[in-house]
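K.L.:
Using our numbering, read the sequence shown as starting at 7 and increasing by one per residue.
We treat Cβ as the ideally placed atom computed from N, Cα and C, and that holds for glycine.
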Amino acid sequence: MKARAASVIGAAGLAAWLAAGAAFLVRGRGHLPGPEQDQSPQVAVDYAERGEALIHGLPVDPDLHMNLPVSTVWAALAFDHWGASLRCYKTAVLAAFLVLLGAVCAALCPGSPWPAAMAAALAAWCLSPDFLVYPQLEYAVLVGLAAGALVWRSRQPSWRRTLVFSLAVGATLLFRSPLAFFPPLLALDEWIRIRRSRAAPYWRRGLILCVVPYLFLIPWTRMNWLLRHQVVVFEGGQASTNIVTGALGLVQTIEGDWTMLVDPSVDASRPSAVLAWAAREVGKHPLRYVEAVVRRAHLCLSQFPVLWFLAFAAWWRFRRRPGHRQLGLLAAYFVLIHCAMSVDLRYLTPLWPLLAVLAASLAELPASPKADGEPWPARAGAAAILAGVLLTLGLTGYTMAKVWAMAGAAGLPWSDEAWLKKLGSSPRDAWLLAQRAGQRLEAGDAATAAENLARAVGLRPDRVDYSLKLEWVRNLSGRGGRILEWRLPSTVVDFRVKMAFRLYRAHALMRKGDRKAALEEIRKAKAIFEATIRVHGAPAERERLLAEMLVSRDERFPGVAMGFMVGLPAREALSFCRELAKVEASADRQCLGLIEAAAASDPGFAAQAAKQADPSGLPPTGQHRLALLRQRVGDYRGAVRILKELVKRHPGEGVYFSDLGVNEFLAGSADQAVADLKVAIRLSPDRLAPYASLAAVYARQGRNVEALRVYDAALSVRGQVRDPSVRDDIVKARKLILEQQER
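(1) In or out: R182 buried (at least 16 other Cβ within 10 Å) or exposed?
(2) What's the call for I249, buried or exposed, on a 16-neighbour Cβ count within 10 Å?
(3) Output the distance between the C-alpha atoms of V110 and L256, rounded to the nearest integer angstrom.
(4) Would you report the Cα separation of T227 and A591, rounded to the nearest angstrom?
(5) What did DSSP end up calling V268 once you bin it into helix, strand or coil?
(6) Measuring straight from C-alpha to C-alpha, what distance separates G640 and G599?
(7) Which same chain residues end up closer than 7 Å to I489 when comparing Cβ atoms and leaving out the 5 residues on each side of it in sequence?
(8) Nearest CA to the CA of G108: which residue from A129, G414, F507 and R733?
(9) What's the gap between the Cα of A146 and the Cα of C345?
(10) State buried or exposed for I224, treating a residue as buried only when at least 16 other CB atoms are found within 10 Å of its CB.
(11) Leaving out five residues on either side along the sequence, give the residues of the same chain with a beta carbon under 6 Å from the beta carbon of A695.
(12) According to DSSP, V349 sits in a beta bridge with which residue or residues?
(13) So which of P119, Q707, G176 and A633 has the shortest CA-CA distance to A153?
(14) Short of 7 Å in beta carbon distance, which residues of its chain neighbour G644, apart from the five on each side in sequence? Order them along the chain.
(15) Considering just the uninterrupted stretch of the alpha helix (DSSP H) at Y510, what are its terminal residues?
(16) Based on Cα-Cα distance, which residue from A113, C597 and Q142 lies nearest to A50?
(17) Answer with buried or exposed for H71, where buried requires no fewer than 16 other C-beta atoms within 10 angstroms of its C-beta.
(18) Given a cut-off of 8 Å on the beta-carbon distance, is the pair V363 and A125 in contact?
(19) For A390, which option in L357, Y295 and F103 has the closest C-alpha, if you only look at C-alpha atoms?
(20) Residue range of the alpha helix (DSSP H) that Q142 falls in?
(21) Apart from the five residues on each side of it in sequence, which residues of its chain come closer than 6 Å, Cβ to Cβ, to K504?
(22) Thinking just about the alpha-carbon of each residue, which of L148, G212 and I200 is nearest to the one in R166?
(23) Mapping the DSSP letters down to three states, classify C115 as helix, strand or coil.
(24) Do you know how far the Cα of W80 is from the Cα of L368?
(25) Classify W437: buried if its beta carbon has 16 or more other beta carbons within 10 angstroms, exposed otherwise.
(26) Our contact map puts A155 next to V395 with C-beta atoms below 8 Å; I'd like the distance itself, whole angstroms only.
(27) From which residue to which residue does the alpha helix (DSSP H) around D682 run?
(28) Kindly give me the distance between the Cβ atoms of A350 and T259, rounded to whole angstroms, as I take these residues to be in contact under 8 Å.
(29) Under three-state DSSP, which class holds I489?
(30) For G484, count the other beta carbons within 10 Å of its own beta carbon; 16 or more makes it buried, fewer makes it exposed. Which is it?
(31) Near R159, which residues of its chain fall below 8 Å by C-beta distance, leaving aside the five closest residues on each side in sequence?
(32) N458 and R442 - do their beta-carbons sit closer together than 8 Å?
(33) Could you say which of P575, C306, S473 and A59 lies nearest to K428 if we only look at CA atoms?
(34) Taking the straight line between their C-alpha atoms, what separation do you get for R595 and F671?
(35) Keeping to the same chain, check which residues put their C-beta closer than 6 Å to that of H330; ignore five residues upstream and five downstream.
(36) Enumerate, from N- to C-terminal direction, the unbroken alpha helix (DSSP H) stretches of 4 or more residues contained entirely within the stretch 314-363.
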């Protein structure tokens, strides 16, 4: 009789789980975009681009280190190599996620059929569009897999099950880093409990927990060291915005140029330097930081209060069970690790399924029928968890092999032979063709770039960015590009594609002579760029004001805009940059860089452009650069005019007096040059360049004794100097004078 009742209950529970699962999938599909928007979100495109670089072994992305490799390779395989549409892909991942929910529930509540159904219903309730944007759901699957292995391990702790759990965590660490500190925390918690109960020795399991997950990171760390000469263990700078704004006491993170929020002396390119600055900031204002952590925790708890209540009630009821206790520890850890920084609620996506599983355990039957051995739902759940771990390890192993191979990649730019060999091995790879087009465009070969882009568009007609760039390159090479007639699809979400559309149109309009319309297109492009600076969620007053400050001070737009103009002739690029300067004054510095780059290839043009450049709109560093550029092209009097203004406004800067003296001598004012070089030595005695310049002036005038005296004074400078490489030049020049005197 009991067996029959158990089978009826089991069948009813299975039916309920299937019904809840159907509702889960239907609700998830309801959040997907319609057929007219069936494309990868912007973030998936970003990840896929970096994943393609890893798969092909081409370090073409300078920000390759910012996303961990499994996340990028997963995106590249799914969206580029397998050609999955967003709708089909997300439906498949949702189905796998549903099976995983059932498996974790079966491991947590073996023999009880109802928690899986309740967990599916609760998880469906928590679904939102952000939940389904790459890589939120994928990471939730990996964290859920680690949670399932954790619960499965807790039922019968052993070193083998600990190894499975550690492998699952190691795979998540190559996708995202939040679980980085959980294995040692778990090991410490278990060690304390085992010491209290005086149980068997724990060293083997503890060692596995504290070592195995981090072995996955060795190829990634090695690659970043060889390519960047930096120790990058996890994401390289991806979390810097959260770290910086978190140290400043903000609740929600801000997307924008976070480097404006830290001291100028901090090397923002090094995550360790940013972390050290944040630690100092927290040390200066501990109360502000603690208050912000509390407000972030309150924000997290306010998202699904009913779910939090049910999860806490279940944890309290079953707190003596290892599975519930450790799952609760994982959920609490996940909240705390994110609240240590400013919050982006999308990062908490994996938390809601964990809470759903905990809450669903309340549906466990008070008196479940006992069967001999392990109930079949528990066995099926364990099999699903192990299968998931094996599949994940396959993807992780493939990724680690690609990362290891990337570490040996030669520095860019690649030779034409290397490119042709790579394309020969993958002639139908649209990404490779697009990269080759960009490389040829940088070399000034717009015709070949257009041919490669045309082939890429033929292979991937769904890539709007390829089609757009093809029309612009055709217009650039004079091959009938119809960029002004081309229309941007309304479904495009990538802000870079929208910016490129406006900037390419602006360039085409400038070629037609319609500068007014071109300027309007540039303004629209800047508005698109500024829209990317935002606070996540509903901003508090402080976050809103800070976002407005970032918008007003963010000067990255000219550099980003000129990044789309690769391939323009120097004169045309400078003309376009000057139009940018009418919208964003900081573009003057970008124009200066273009003139400097042209000085080697087209000195006549560079000299003319340097003379025409207006220093008034430049900051002091930009004016100094322009003065040195005028010196380089032979306009010494023009350099003197700029440097005289600089020393007038900054009389304590020795470097300005030093360069002024050099240009005064070259312009024919030797006596004034000597006077200014002496001022430079007085202001900057630890800088050797003014000594060398003053001695050279004396030597040119035949005053060798005075020149030797200055050289000796330079060589007698003790301690650290700012330009140690000049010392060798001084030694050689001094030796030459002595040899001349001996003759």
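P.N.:
In short, the structure shows the following:
(1) So R182 counts as buried.
(2) I249 is classed as buried because its beta carbon has at least 16 other beta carbons within 10 Å across all chains shown.
(3) Cα-Cα distance, rounded: 35 Å.
(4) Their backbone Cα atoms lie some 40 Å apart in a straight line.
(5) Three-state result, V268: coil.
(6) Their Cα atoms are separated by approximately 18 Å.
(7) The beta carbon of I489 lies closer than 7 Å to those of E477, W478, N481, Y510, R511 and A514 in the same chain, with the five residues before and after it left out.
(8) If we check each option's Cα against that of G108, A129 comes out closest.
(9) Going from the Cα of A146 to the Cα of C345 covers about 18 Å.
(10) With fewer than 16 other Cβ atoms within 10 Å, it is exposed.
(11) Excluding residues within five positions, the ones whose Cβ falls inside 6 Å are S664, D729 and V732.
(12) Per DSSP, Q258.
(13) Cα-wise, what sits closest to A153 is G176.
(14) Apart from sequence neighbours up to five positions away, the residues of its chain that approach G644 with a beta-carbon distance below 7 Å are K617 and R636, ordered along the chain.
(15) Looking at the DSSP string, the run of the alpha helix (DSSP H) that includes Y510 is F501 to K518.
(16) Taking only the C-alpha atoms, the option nearest A50 is Q142.
(17) Looking at its Cβ environment, which holds 16 or more other Cβ atoms inside 10 Å, H71 is buried.
(18) Yes. Within cutoff.
(19) Nearest of L357, Y295 and F103 to A390, Cα basis: F103.
(20) Start and end: Q142 to R161.
(21) Excluding positions up to five away in sequence, the list reads I534.
(22) For R166, the nearest C-alpha among the options comes from G212.
(23) Three-state result, C115: coil.
(24) Roughly 36 Å between the two C-alpha positions.
(25) It counts as buried.
(26) Confirmed, about 6 Å.
(27) That run of the alpha helix (DSSP H) goes A676 to L689.
(28) The amino acid occupying residue 350 in the given sequence is Asp; Ala does not appear at that position. Contact flag correct, Cβ pair sits at about 5 Å.
(29) In the structure shown, I489 falls within a coil segment according to DSSP collapsed to helix, strand and coil.
(30) The residue is exposed, with fewer than 16 neighbouring Cβ atoms inside 10 Å.
(31) Leaving aside the five residues that flank R159 on each side, the residues in its chain whose CB is nearer than 8 Å to its CB run, in chain order, R167, T168, V170 and F171.
(32) For the pair R442 and N458, the CB atoms are nearer than the 8 Å cut-off.
(33) Here the closest residue by C-alpha is A59.
(34) When rounded, the distance between both Cα atoms is 27 Å.
(35) These residues qualify, in order along the chain: W321 and F324.
(36) 328-345, all fully within the stretch 314-363.
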